[in-house]
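Student: Here the sequence shown is numbered in the working numbering, starting from 7 and rising by one per residue. Backbone N, C-alpha and C fix where the C-beta goes; we use that ideal spot for every residue, glycine too. Since the model is a prediction, treat every value here as computed from it, not as a measurement. One structure coming up, written as structure tokens, with questions to follow.
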Amino acid sequence: MPKPTSKTQMLAEIKKEHNALNTLIQGLSPAQMTDPLVGDWSAKDVLAHLIEWAQMCLGWYAAGKRGETPPVPAEGYNWRQLPELNQKIYEKHRERSVSDILKEFERVHQQMLTTLQDLPETELFAPKQYPWTRDNLLASYFISATSSHYRWARNEIRKGLKALS
């Protein structure tokens, strides 16, 4: 799927992928929400992963607005260490309840939408807006933390369900 090139396209894609993921999640049984589907991760754990990455993205953006250069992807981690970072995220959230994760997923999704709606299109799609984005577009980080990640989550959960059937 081509990357959005405007804020309107970006928001439409985020909403489309969010709706598709929500439709899948709403059709899962309580056991399917908590039993392993994606390796050791349950559907709940996948949603917690999405929450954490969205919060990191929002944090990077907020730090950039304050003139800071945040550690990306996270303090003590580089992009080659994503498996370790993702394991840390899993461990941080694995004991949380399904209802808590579902509520926070929606809250963070809305926070992402609000942030994006308030951002000027030029800030999203012009390179080098902040030192932490380097040559990347700010939009790329938000797309990765929303629509692309929602699509990944939906595909992984579907594969897990298919493997169980």
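1) Look at the Cβ atom of TYR147, then the Cβ atom of CYS63, and state whether they are nearer than 8 Å.
2) Measure from the alpha carbon of VAL104 to the alpha carbon of each residue in ARG140, PRO133, ILE57, then state which is nearest.
3) To the nearest angstrom, how far is it from the Cα of ARG140 to the Cα of TRP158?
4) Can you confirm whether the region 73 to 91 touches the region 18 to 36 when touching is taken to mean that 3 or more C-beta pairs between the two stretches lie within less than 8 Å?
5) For TYR180, which beta-bridge partners are listed by DSSP?
6) Alpha carbon to alpha carbon, how far is PHE131 from THR11? Give it in angstroms, no decimals.
7) Exposed or buried, what is THR128 when buried is set at 16 or more other beta-carbons lying within 10 Å of its beta-carbon?
8) Run through DSSP, which three-state label would TYR6 get?
9) Between GLN116 and the rest of its own chain, which residues show a CB-CB distance below 6 Å, the 5 nearest in sequence each way excluded?
10) Can you check whether the CB of TYR96 is closer than 8 Å to the CB of TRP47?
11) Going by beta carbon distance, what residues of the same chain come within less than 6 Å of ILE20, once the five residues before and after it are set aside?
12) Could you pull the DSSP bridge partners for VAL44 from this structure?
13) Could you have a look at LEU34 and say whether DSSP puts it in helix, strand or coil?
14) Below 8 Å between beta carbons: does that hold for LEU17 and LEU122?
Tutor: Taking the coordinates as given:
1) yes
2) ILE57
3) Cα to Cα, ARG140 sits roughly 25 Å from TRP158.
4) no
5) A question about residue 180 goes unanswered here, because the residues of the chain that appear run from 7 up to 171.
6) 7 Å
7) exposed
8) This structure cannot speak to residue 6, because the chain is shown only from 7 to 171.
9) none
10) The answer is yes: Cβ separation under 8 Å.
11) So the list reads THR152, SER153, once near-sequence residues are dropped.
12) TRP47
13) coil
14) yes
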